[in-house]
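A.B. asks:
Number of protein chains: 2
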Amino acid sequence: MTNPALLARMIMAGQGKAPADLVIRNIGLLDVITGKITATDIAIVADRIVGTHASYEGTSTIDGTGRFAVPGFIDTHLHIESSLVTPLEFDRCVLPHGVTTVLCDPHEIANVLGAEGIRYFLDSADRTIMDVRVNLSSCVPATPFETAGAQLEIGDLLPFRDHPKVVGLAEMMNFPGVLNADPGILAKLAAFQDGHIDGHAPLLRGTELNGYLAAGIRTDHEATSAAEAREKLAKGMAILIREGSVSKDLEALAEILDEDSSSFVALCTDDRNPLDIAEEGHLDSSIRRLIAKGRPLHHVYRAASHSAARIFGLKDRGLVAPGWRADIAILDRLEDCSVSDVICAGRLVTPELFDTRKTVAPVGLTSMKAKPVTSNAFVTEPRTGQNRVPVIGVRPGLILTFREEASLATTHQGLQPDLEADIIKVAVIERHGKNGNIGRSFVTGFGLKRGAIASSVGHDSHNITVVGATDEDMAVAVNRLIELGGGFAVADGGKVTAELALPIAGLMSLKSFEEVAHDLHHLRDAAKALGCVLPEPFLQVAFLALPVIPHLKMTDRGLFDVDKFDFVN
Amino acid sequence: MTNPALLARMIMAGQGKAPADLVIRNIGLLDVITGKITATDIAIVADRIVGTHASYEGTSTIDGTGRFAVPGFIDTHLHIESSLVTPLEFDRCVLPHGVTTVLCDPHEIANVLGAEGIRYFLDSADRTIMDVRVNLSSCVPATPFETAGAQLEIGDLLPFRDHPKVVGLAEMMNFPGVLNADPGILAKLAAFQDGHIDGHAPLLRGTELNGYLAAGIRTDHEATSAAEAREKLAKGMAILIREGSVSKDLEALAEILDEDSSSFVALCTDDRNPLDIAEEGHLDSSIRRLIAKGRPLHHVYRAASHSAARIFGLKDRGLVAPGWRADIAILDRLEDCSVSDVICAGRLVTPELFDTRKTVAPVGLTSMKAKPVTSNAFVTEPRTGQNRVPVIGVRPGLILTFREEASLATTHQGLQPDLEADIIKVAVIERHGKNGNIGRSFVTGFGLKRGAIASSVGHDSHNITVVGATDEDMAVAVNRLIELGGGFAVADGGKVTAELALPIAGLMSLKSFEEVAHDLHHLRDAAKALGCVLPEPFLQVAFLALPVIPHLKMTDRGLFDVDKFDFVN
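Quick note, the sequences are listed as chains L and R, same order. The opening residue of the first sequence carries number 1 in this note's numbering; numbering runs sequentially from there. The opening residue of the second sequence carries number 570 in this note's numbering; numbering runs sequentially from there.
Laid out in structure tokens, this is it:
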């Protein structure tokens, strides 16, 4: 990697016997080991820090006076797809927040495109300014209860195992499969014993947690209480404190981060949408809040950088010190993590820097394989002799749903919504060209008085999920989605009133993150105009089809009772 | 490595659904993250811990009642040759002290045998019970000022780079070569940028330290003051606190080990002889003393285990937790680190366990290539017109020497020792069959009134070093050494009075460590009988020829002034 001539230049520049490429002058360097702040220059050659705690001359310089340097932040677990933009656009959006490395799991695109989706992420990772590392999606499809676009067995993953951007096996979310020693799961676990295996074990405790850990799984981002996180830490599991757009665990877990634990704790976002990134920030937001909650400042910055690097075996980064990768966040203030400049692999991050990147051809542009529908597709016949029907109950900000019931009127067009009782239709349409399934049922909590909302983002199989007050508008929204190659659509009175195309596998836009944020605002307003009472209607539609989250979910194969782990007959 | 069927057994045993192979019952488990002690069973399957914080059934059990479990200790830097026994015998000697992993640098044998010596260590590492990992000797020969048996360039090291027991490049002691960007050194550094490069940088500070670190060097075991160690830590260098038989830094460095630093600090012994191991212990002795000095207990145990593993990228070990390698020290008391049982890779360490190991054929049995000498070999002619001669001054327990002077009488047999003034002869005889060099001079501080002491252990080139009151006894001691194939010998009145054969490369015995310890006692007594006043005469003879340690040293090429970095003309 580093050739001898470059190494010689680094050694000479470190001694001050040759100019550095870049010098940050007179900055307050935070030592994430001791917490001490030292005023110093920081000298950089190529992608490496070569000197600290001294004065240096450089070909170019940045004035650090009055500012602070900390190691670049590492997001230890996220799905870039959740930002709704391409990896290159994510790079441009998130790197200025000081996030110089991310460990992503292309789980969403892999569920649509399989290995082609992973390859797209690896190709993108070769071009981003930030260092995008990839954990290989371990659970595609995530469940057998819906129709996914692809299936990844160990033989599909092995060709990627030794790619330089690949860290290991991504979140092993099929914990029942682990605990039952499912042969397909065992094959994947066995192949990555010498690498890294990411965990995902919500609420797993006691000897079940032991069994899961005995498989060599090392991290968890699903702890939601301090007690759960403390048990996991005591059992050697690194805790990745998650603060996403949907799942927010920082409030509950902040207390576990202290002097003793900080080398075993890191931060992640998992799923964060572009509106939240624009309004609150990314990992910088988590750091700010942890400090505000009284966690020891240098231990928070350590968790966000060096601890993350160590936990995932990234040996070259995580400290601002000679010989380490020059990933540096420059802050106006340490306390509120106000990032004013970012150095990534030795380069000052500027708008122009992003223009130097080679592009990556989009993939999955024809992934939306569902056929156009008519309103008849949503006719829902009552089950014989049943007057009352099960209804999915939705609450604002929860991906958890509840099982409710209602008595609905029946016409020659089947069971009818009850708008006064806020009971509307929900349908999931298989869109991978596999079987054309349509699952239909009812949902309450959206508040729609008319129109329909449709999404091709539908965790984890990403079929089309649509909710609506009328069959006609449901058909309009769905057919527009199919035309767009995927995305979000709002229909009202037979017309589309707002939309966002997500033509890359039905998950990601070809637009800039600024345009996507703008369109999302417009979509929210359009949903509100239908009467929608949920602040994040699209996120909630996107999780209606996830049959591993309690209690009642809708898939293309039918209504699924997660508690019984079976379909509602 | 771990096959799916075994993995399934681990998962089931972790859940308590199948018996474990081994259960430690009712032990106090120390959490090195939080310091908490929990009474629990520890379940093990094959080489892995599968359950803690629960009750388990196992095929075999150990009663842990009243005892404590901590992660097995990791010696992060040592030369096994300094124990004077083979790696397999070292294993038998040191593993019962709780040291389950060592990172050794076969620097001594490599200076005699080159790549053959490294291969011998790797072959031995395949057979030991403890996990012996090897860093590849970076500086062979250590200096150009003496004649070594071998030279290792990057081309000689590369064939070993990917051996499963190899961690990286061993201590880069040629720091002037690094700072001057010497091409041979650069080639070695460049080849290990993606791996690990061990440091060795005594007293290096400021921008020189920065230049050294810019080369990607990550660790240091040569800091001798807290201030030096703190600067190195602030510059991202992991500090390995060394406590050997000769170099003892624990007293000075203990204060740097605290809650903030413990993930960046580890322990090592570097060079420790079998008498010290028998009398004081190994890393257990360092741990005991650090705790006695008031360092926080669980952070001391963390540094000795998990921190060491992380610093060197050994991802599978360092915690007593499900999914981690079953390397466990079982202690009677935590405070004084009294090891009563050791589990290594899941196996209880017993005398019988060592009997199961396959042997390794010794190497270097004909490495002692010097020809027998007569007393005339030690005749030292005065330099023309010089009455006064330089004399090497030796002090007890220091490998540092001092430059002194004396006026000596001259006969037809050259310059004469002055026994009243404690000035005796010293000679270094090249023994690798290269050139037959003999360097001669004088030394003070041994106190010998008669006889001679000879050693084929002579850092770092391991020529024959002999000190003596008479030329005749010097010849007797040297010739016996040559007959023995290397070792230590004491001669008195024309006869050998004590000896220890070290026929493996002139460095290691074929005997048991108990026999070696016994013979060393006998050698000490024999030296004392000559009048020797140094408590460790053989260690001090062994460091007389090391021309990188100030101030005046003796090599086969002549008397060397380390301060001037040149020979005394």
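We put the CB at the ideal spot given by N, CA and C, even for glycine.
Inspect the beta-carbon positions of A308 (chain L) and T76 (chain L) and report whether they are closer than 7 Å.
C.D. replies: Contact flag set, yes.
A.B. asks: Taking Cβ positions, are V1059 (chain R) and A1096 (chain R) nearer each other than 7 Å?
C.D. replies: Cβ atoms of V1059 (chain R) and A1096 (chain R): closer than 7 Å.
A.B. asks: Using a 10 Å radius around the Cβ and a threshold of 16 neighbouring Cβ atoms, would you call H851 (chain R) buried or exposed?
C.D. replies: Buried.
A.B. asks: Please classify L802 (chain R): does DSSP put it in a helix, a strand, or coil?
C.D. replies: L802 (chain R) falls in the helix class under three-state DSSP.
A.B. asks: Counting contacts by CB-CB distance shorter than 7 Å, is V869 (chain R) in contact with chain L?
C.D. replies: Not an interface residue.
A.B. asks: When DSSP labels each residue in this structure, what does V703 (chain R) get in the three-state scheme?
C.D. replies: Three-state DSSP puts V703 (chain R) in a strand.
A.B. asks: Can you list, in chain order, the residues of its chain whose CB lies under 8 Å from that of H79 (chain L), leaving out five sequence neighbours each side?
C.D. replies: The answer, listed in chain order, is C104, D105, P106, H107, E108, D270, D271.
A.B. asks: Do A694 (chain R) and G686 (chain R) have their beta-carbon atoms positioned less than 7 Å apart in this structure?
C.D. replies: It is not a contact, given that the beta carbons lie outside the stated cut-off.
A.B. asks: So which of R:H732, R:G775, R:M806 has the shortest CA-CA distance to G768 (chain R)?
C.D. replies: Nearest C-alpha to G768 (chain R): R:M806.
A.B. asks: Is there a Cβ of chain L sitting closer than 7 Å to that of I602 (chain R), yes or no?
C.D. replies: True, the Cβ-Cβ gap to chain L drops below 7 Å.
A.B. asks: Go ahead and pull the three-state DSSP assignment for H790 (chain R).
C.D. replies: Correct three-state label for H790 (chain R): coil.
A.B. asks: Listed in chain order, which residues of the segment 602-620 of chain R have Cβ atoms closer than 9 Å to some Cβ of chain L?
C.D. replies: Listed by position along the chain: I602, T603, G604, K605, T607, A612, V614, R617, I618, V619, G620.
A.B. asks: Chain L partners of E828 (chain R), CB-CB under 7 Å?
C.D. replies: E259, D260, listed in chain order.
A.B. asks: Does chain R have any CB closer than 7 Å to the CB of N26 (chain L)?
C.D. replies: So, not an interface residue.
A.B. asks: Which first and last residues belong to the beta strand (DSSP E) in which T970 (chain R) is found?
C.D. replies: T970 (chain R) -> beta strand (DSSP E) spans 970-976.
A.B. asks: Name the DSSP beta bridge partners of C93 (chain L), please?
C.D. replies: Looking at the DSSP assignment, C93 (chain L) forms no beta bridge with any residue, so it has no partner.
A.B. asks: Drop a sphere of 10 angstroms on the beta-carbon of E335 (chain L), count the other beta-carbons inside from all chains shown, and report buried for 16 or more, exposed for fewer.
C.D. replies: Classification of E335 (chain L): exposed, given that the 10 Å Cβ count is below 16.
A.B. asks: If you reduce the DSSP assignment to three classes, tell me which class F1057 (chain R) lands in.
C.D. replies: Reduced to three states, the DSSP call for F1057 (chain R) is strand.
A.B. asks: Quick test of your reading: F145 (chain L) and P547 (chain L), contact by CB under 8 Å. State the CB separation rounded to the nearest angstrom.
C.D. replies: Indeed they touch by this definition, with Cβ atoms about 4 Å apart.
A.B. asks: Between R:I825, R:I897, R:I880, which has its C-alpha nearest G863 (chain R)'s C-alpha?
C.D. replies: Of the candidates R:I825, R:I897, R:I880, the one whose C-alpha sits nearest the C-alpha of G863 (chain R) is R:I825.
A.B. asks: Quick one: which chain L residues come within Cβ less than 7 Å of G1027 (chain R)?
C.D. replies: Here the premise fails: no neighbours, minimum Cβ distance about 31 Å.
A.B. asks: If E153 (chain L) and G184 (chain L) are in contact, beta carbons under 8 Å, what's the gap, nearest whole angstrom?
C.D. replies: Going by Cβ atoms, the distance from E153 (chain L) to G184 (chain L) rounds to 6 Å, so yes, they are a contact pair.
A.B. asks: Does K804 (chain R) have its Cβ less than 7 Å from a Cβ in chain L?
C.D. replies: Answer yes: the Cβ-Cβ gap between K804 (chain R) and chain L drops below 7 Å somewhere.
A.B. asks: In the DSSP assignment, find the beta strand (DSSP E) that holds D341 (chain L) and state where it starts and stops.
C.D. replies: Note, D341 (chain L): beta strand (DSSP E), 339-344.
A.B. asks: Which same chain residues end up closer than 7 Å to M508 (chain L) when comparing Cβ atoms and leaving out the 5 residues on each side of it in sequence?
C.D. replies: Answer for M508 (chain L): E81, L84, V85, T86, L502, listed in chain order.
A.B. asks: Can you list, in chain order, the residues of the segment 223-251 of chain L whose Cβ is nearer than 9 Å to any Cβ on chain R?
C.D. replies: For the segment 223-251 of chain L, which is checked against every Cβ of chain R, the residues closer than 9 Å are R230, E231, L233, A234, K235, G236, M237.
A.B. asks: Of all the beta strand (DSSP E) runs that stay within the bounds of the segment 490-553 of chain L, which reach a length of 3 or more residues?
C.D. replies: Segments of the beta strand (DSSP E) lying fully in the segment 490-553 of chain L: 495-501.
A.B. asks: Figure out for me which residue from L:S456, L:E405, L:E352 has the closest Cα to the Cα of S367 (chain L).
C.D. replies: Of the listed residues, the one whose Cα sits closest to S367 (chain L) is L:S456.
A.B. asks: At a Cβ cut of 8 Å, what residues of the segment 734-749 of chain R count as close to chain L, listed as they run along the chain?
C.D. replies: Against chain L - using a Cβ distance shorter than 8 Å - the residues of the segment 734-749 of chain R are V747, L748.
A.B. asks: Can a CB atom of chain L be found closer than 7 Å to the CB of F923 (chain R)?
C.D. replies: Closer than 7 Å: no.
A.B. asks: Counting along the chain, where does the alpha helix (DSSP H) carrying R617 (chain R) start and finish?
C.D. replies: Not the alpha helix (DSSP H): R617 (chain R) falls in the beta strand (DSSP E), residues 617-623.
A.B. asks: Measure the alpha-carbon distance for L599 (chain R) versus R388 (chain L) and round it to whole angstroms.
C.D. replies: In a straight line, the C-alpha of L599 (chain R) is about 57 Å away from that of R388 (chain L).
A.B. asks: Kindly list the residues whose CB is nearer than 8 Å to the CB of G414 (chain L), restricted to its own chain and excluding five residues on each side of it in sequence; keep chain order.
C.D. replies: The answer, listed in chain order, is V379, T380, E381, P382.
A.B. asks: Is it the case that the Cβ atoms of G98 (chain L) and D284 (chain L) are separated by a distance below 7 Å?
C.D. replies: Yes, they are a contact pair.
A.B. asks: Here's a check: name, in chain order, each residue in its chain whose Cβ is nearer than 8 Å to the Cβ of A226 (chain L), leaving out the five neighbours to either side.
C.D. replies: So the qualifying residues of the chain are A252, L253, E255, I256.
A.B. asks: Chain R partners of P19 (chain L), CB-CB under 7 Å?
C.D. replies: Result: empty, since nearest Cβ-Cβ is about 13 Å, beyond 7 Å.
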